[in-house]
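Trainee:
2 protein chains.
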Amino acid sequence: MTSKRNGRATLADVAAAAGVSKSTASRAFSRPELIRPENVERIRRIAAELGYTADPRARALSTGRTANIAVIVPDIANPFFPPLVRAVESGAERAELAVFLGDTDESASRERVLVDRLEKQVDGFVLASPRLPDAQIRELAERVPTVLINRDIPGVHRVLVDAATGVREAVELLIALGHRAIAYLAGPPESWADQQRRDAVVQAAAHAGLALSVLELGRPSYEAGRECVGSMIATGATAAIAFDDVIAHGVLAGFATLGREVPADFSVIGCDDVLAATTFPALTTISGGSAASGAAALDTLLALIDGEHPEQRTAIAGHLVHRASVSAVRQHAR
Amino acid sequence: MTSKRNGRATLADVAAAAGVSKSTASRAFSRPELIRPENVERIRRIAAELGYTADPRARALSTGRTANIAVIVPDIANPFFPPLVRAVESGAERAELAVFLGDTDESASRERVLVDRLEKQVDGFVLASPRLPDAQIRELAERVPTVLINRDIPGVHRVLVDAATGVREAVELLIALGHRAIAYLAGPPESWADQQRRDAVVQAAAHAGLALSVLELGRPSYEAGRECVGSMIATGATAAIAFDDVIAHGVLAGFATLGREVPADFSVIGCDDVLAATTFPALTTISGGSAASGAAALDTLLALIDGEHPEQRTAIAGHLVHRASVSAVRQHAR
DNA sequence: TTGAAAGCGCTACCAC
DNA sequence: GTGGTAGCGCTTTCAA
């Protein structure tokens, strides 16, 4: 008679078994200092015997705190996101929060649906590269603690990977190596990261008097990278900066398929540094701090949930990581 | 006076604004066929104006259904899991379920904690490559709908990637190409997948009279693969089958570092087919159906939640995918 | 130090 | 068709 239908013991069961009221049983967990120590111990022991664990939903209903957070990403299969999610997970674990994961498939409408479905059962959101319009994000952030990653909306808490510096370093390197015409392989235009990188390339190239072609690849994928090689070469470029490592990796493969050699025939630079040295040749790339941005976002979110006032804008500097996919332009290519 | 503290409209607000009772307002959403059509429409319109969305926690408390599921993985950064998680996400989206993600960091104790924290707020679990003892998984599965991926516990619903067939095909291929000594680069011994693959290699090798060395790499990582190359060569093997693609990828890099060529100097075969043709040379591997296993697990879980009796054991056949990392053994290597 | 009782927001049973 | 009401399991005043 102490256990309910399916083995789940409830607080009432514990209270009954311990011969105390629900209030006392509840306090044995939440405010033990208010209860006679011997009782605290006894109640907890009995609870353990009954296999009791508090029901988070019921608790949330009465406290208003869910002990859950949500992280929303456009594509968990894109290698930029798993380390980010992992960092969020590990921080959440420390704070004893459970985490919802939402994959929007790069779609603003799915993002909207996910956010709505989750809003009532979380204490906060981490939106990684959100595709929602500024206004909607602002509204959300007003209602529930929200931290953005790679989306720059003034007034909303956000952590930004500053690739601009790295992009400038990349352009300078290419110039120093004799390149005079380069290509930028653009990602999703809705993405803040792409806008930032694109702008940085355009400015750096203009500043240096470098010829620049921008190729729109849309969704960043290995295939897109591999398939753009032909048109990229046609632009007369001798080097490319890709929106991300995935595209750059595809480009590497495209050249291999053509029997051309990177970096001897062409130099390629990625972005994010999520493939590290796992490509061949090892990719020169702009480090993006996938994990670091996740960790920073979680810290900010935790502070927000605790009612503190963390820094609104956190920048993570991205720098060029020099590996093997870049070299001096070939003489005869001039 | 219709809106509560922070903008969250409640069902009571909607009811009041519409001049109906909470019951009617509730039914306008859950059982509209019981309500006069014009009222349904009016109530819904008013709800929308008020920005009302049902609170899933409260609903769960009274219905016992949470509309949430959880997927637990050992390491979301391991490329086998993102496609799996993505498949689960997309199926869940169709069923209008929200999904919790748990990353156990390959640790049974963290898995325990996660499962306990989540149990009360989900309708079911997908446990991918769980590290928990059989008994604990059985108990869990008795209490809440649970589907395992790559863990074979009789009596519990599970989807298994049958790599054994692929492993045999791999061994046969290597024999046909003249290899007489091979290595198996083993993964986490607690993992069912490793046990299955290891057994299959051992048996196939014994059956064929092939010399076999097993190297214990523990946690499957790129680094582990790269660093084992030396000792692997020392075994006298001319080909290796790796526990997974990540290790195999590392091995490829290890050879490149040594200035040795794959497949000319050594053949390597991976497992899972999650890197597809993105390695260089393109990896010959045993397809693992990462996404397929996620999709199958979700289908089973959905059926379970709906009180149906789906197949308890789903096998996904893994087959050898022939790419470029395997060739005939070198003559002088004999 | 402890207990009774009032909700949190929603659904479902039972009347009208 | 619609409304009243009793919970779901927990926390939290308010009294005792």
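Chains A and B, in that order, are what the protein sequence lines are. If you want the working numbering, it's the 1-based position in the first sequence plus 17. If you want the working numbering, it's the 1-based position in the second sequence plus 17. C-beta: ideal position from N, C-alpha, C; glycine also. Here the structure is a predicted model, which means the values were calculated and not measured.
1. So what does DSSP say about Ile93 (chain A), is it helix, strand or coil?
2. Please work out which residues of its chain come closer than 8 angstroms, Cβ to Cβ, to Arg61 (chain A), disregarding the five sequence neighbours upstream and downstream, and give them in chain order.
3. Identify the continuous beta strand (DSSP E) that holds Tyr201 (chain B) and give its terminal residues.
4. Counting only runs that start and end within the stretch 82-155 of chain A, where is the beta strand (DSSP E) found for 3 or more residues in a row?
5. Can you check whether the CB of Ala84 (chain A) is closer than 8 angstroms to the CB of Phe117 (chain B)?
6. Would you mind sorting His326 (chain B) into buried or exposed? The rule is 16 or more other CB atoms within 10 Å of its CB.
7. Could you tell me whether the Cβ atoms of Phe283 (chain A) and Thr301 (chain A) are closer together than 8 angstroms?
8. Using a C-beta to C-beta distance shorter than 7 angstroms, which residues of chain B count as neighbours of Tyr239 (chain A)?
9. Could you name the residues of the stretch 110-127 of chain A whose beta carbon sits closer than 8 angstroms to any beta carbon of chain B, in the order they occur along the chain?
10. Along the chain, where does the alpha helix (DSSP H) containing Ile170 (chain A) start, and where does it finish?
11. What does a CB cutoff of less than 7 angstroms around Ala187 (chain A) pick up in its chain, not counting 5 residues either side in sequence?
12. Have a look at Leu315 (chain A) and Val164 (chain B) and give me their C-alpha separation to the nearest angstrom.
13. Taking the alpha carbon of Asp262 (chain A) as the reference point, which residue from A:Ile250, A:Ala293, A:Ala273 and A:Ala281 has its own alpha carbon closest?
14. Give every residue of the same chain whose Cβ lies closer than 6 angstroms to the Cβ of Leu135 (chain A), excluding the five residues on either side of it in the sequence, and list them in chain order.
15. For the stretch 132-154 of chain B, which residues have a CB atom closer than 7 angstroms to at least one CB atom of chain A, in sequence order?
16. Would you mind working out which of B:Val346, B:His339, B:Arg347 and B:Thr331 sits nearest His174 (chain B), comparing C-alpha positions?
17. Could you please give me the residues that DSSP links to Cys288 (chain A) through a beta bridge?
18. Could you compute how far the alpha carbon of Val291 (chain B) sits from the alpha carbon of Val176 (chain A)?
19. Would Glu55 (chain B) count as contacting chain A if we go by Cβ distances under 8 angstroms?
20. Going along chain A, which residues have a C-beta under 9 angstroms from Glu278 (chain B)?
21. Taking only three categories from DSSP, how would you classify Thr19 (chain B)?
22. Using DSSP's beta-bridge definition, name the partner residues of Asp179 (chain A).
23. Quick check: what's the CA-CA separation for Arg236 (chain A) versus Ser146 (chain A)?
24. Pull up the distance between the alpha-carbon of Leu232 (chain A) and that of Ile192 (chain A), whole angstroms please.
25. Is any beta-carbon of chain B found at less than 8 angstroms from that of Leu78 (chain A)?
26. Measure from the C-beta of Thr163 (chain A) to each C-beta in chain B and report whether the shortest distance is under 8 angstroms.
27. Could you tell me whether the stretch 195-211 of chain A touches the stretch 220-227 of chain A, using the rule of 3 or more Cβ pairs below 8 angstroms?
28. Residue range of the alpha helix (DSSP H) that Ala217 (chain A) falls in?
29. Over what stretch of residues does the beta strand (DSSP E) that includes Ile258 (chain A) continue unbroken?
30. Please look up how many angstroms separate the CB atoms of Val343 (chain A) and Leu190 (chain A), rounded, as I've assumed it's under 8 angstroms.
31. Rank A:Ser310, A:Ala312, A:Phe272 and A:Gln220 by C-alpha distance to the C-alpha of Glu240 (chain A) and give the top, closest one.
32. Any C-beta of chain A sitting closer than 8 angstroms to the C-beta of Asp72 (chain B)?
33. Between which two residues does the beta strand (DSSP E) containing Ala228 (chain B) stretch?
34. Go through its chain and collect everything with a Cβ distance to Arg243 (chain A)'s Cβ below 8 angstroms, but skip five positions before and after it.
35. Where does Thr295 (chain A) land, buried or exposed, given buried means 16+ other C-beta within 10 angstroms?
36. So what's Val37 (chain A) in DSSP terms, helix, strand or just coil?
Mentor: Reading it off the structure:
1. Three-state DSSP puts Ile93 (chain A) in coil, outside helix and strand.
2. Within the same chain, Arg61 (chain A) has close Cβ partners Ala45 and Phe46.
3. For Tyr201 (chain B), the enclosing beta strand (DSSP E) begins and ends at Ala198 to Ala203.
4. Secondary structure remark: continuous beta strand (DSSP E) runs of at least 3 residues inside the stretch 82-155 of chain A, in chain order: 85-90, 115-120 and 141-145.
5. In this structure, Ala84 (chain A) does not lie closer than 8 angstroms to Phe117 (chain B) by Cβ.
6. When all chains shown are included, His326 (chain B) counts as exposed.
7. The answer is no: Cβ separation not under 8 angstroms.
8. Going along chain B in sequence order, the residues near Tyr239 (chain A) (Cβ under 7 angstroms) are Thr295.
9. Shown in chain order are the members of the stretch 110-127 of chain A whose Cβ falls below 8 angstroms from a Cβ of chain B: Glu110, Glu113, Ala115, Val116, Phe117, Leu118, Gly119, Asp120, Asp122 and Arg127.
10. Boundaries for Ile170 (chain A): no alpha helix (DSSP H) harbours it, and the DSSP string shows neither H nor E there.
11. Closer than 7 angstroms at Cβ, skipping near neighbours: Ile258, Ile286, Ile303 and Leu337.
12. Straight-line Cα distance between these residues: approximately 30 angstroms.
13. Distances from the CA of Asp262 (chain A) to each of A:Ile250, A:Ala293, A:Ala273 and A:Ala281 were compared; the closest alpha carbon is that of A:Ala293.
14. Closer than 6 angstroms at the Cβ level, and outside the excluded window around Leu135 (chain A), lie Ala87 and Phe117.
15. So the list reads Asp133, Arg134, Leu135, Lys137 and Gln138, given in the order they occur along the chain.
16. The option with the nearest alpha carbon to His174 (chain B) is B:Thr331.
17. According to DSSP, Cys288 (chain A) bridges with A:Ile303.
18. Rounded to the nearest angstrom, the two C-alpha atoms are 30 angstroms apart.
19. Proximity of Glu55 (chain B) to chain A, defined by a Cβ-Cβ separation below 8 angstroms, is not satisfied.
20. Within chain A, no residue comes near Glu278 (chain B); the closest Cβ sits about 12 angstroms away, beyond 9 angstroms.
21. Bear in mind that a pLDDT of 34 at Thr19 (chain B), under 50, signals an unreliable position, so the model cannot answer this.
22. Residue pairing by DSSP places Asp179 (chain A) opposite A:Ala334 in a beta bridge.
23. Going by the C-alpha atoms only, they are around 13 angstroms apart.
24. The alpha-carbon atoms of Leu232 (chain A) and Ile192 (chain A) are separated by roughly 20 angstroms.
25. Yes, Leu78 (chain A) lies at the interface with chain B (some Cβ there is under 8 angstroms from its Cβ).
26. Chain B contact via Cβ: absent.
27. By the Cβ rule, the stretch 195-211 of chain A counts as touching the stretch 220-227 of chain A, because three or more pairs are nearer than 8 angstroms.
28. First-last of the alpha helix (DSSP H) with Ala217 (chain A): Trp209 to Ala225.
29. Note, Ile258 (chain A): beta strand (DSSP E), Ala256 to Ala259.
30. 7 angstroms between Cβ atoms; contact.
31. Nearest of A:Ser310, A:Ala312, A:Phe272 and A:Gln220 to Glu240 (chain A), Cα basis: A:Phe272.
32. Cβ-Cβ to chain A under 8 angstroms: yes for Asp72 (chain B).
33. For Ala228 (chain B), the enclosing beta strand (DSSP E) covers residues Ala228 to Glu233.
34. Correct list, in chain order: Gly267, Val268, Ala270, Gly271 and Thr274.
35. With 16 or more Cβ atoms within 10 Å of its Cβ, Thr295 (chain A) is classed as buried.
36. Coil at Val37 (chain A), not helix or strand.
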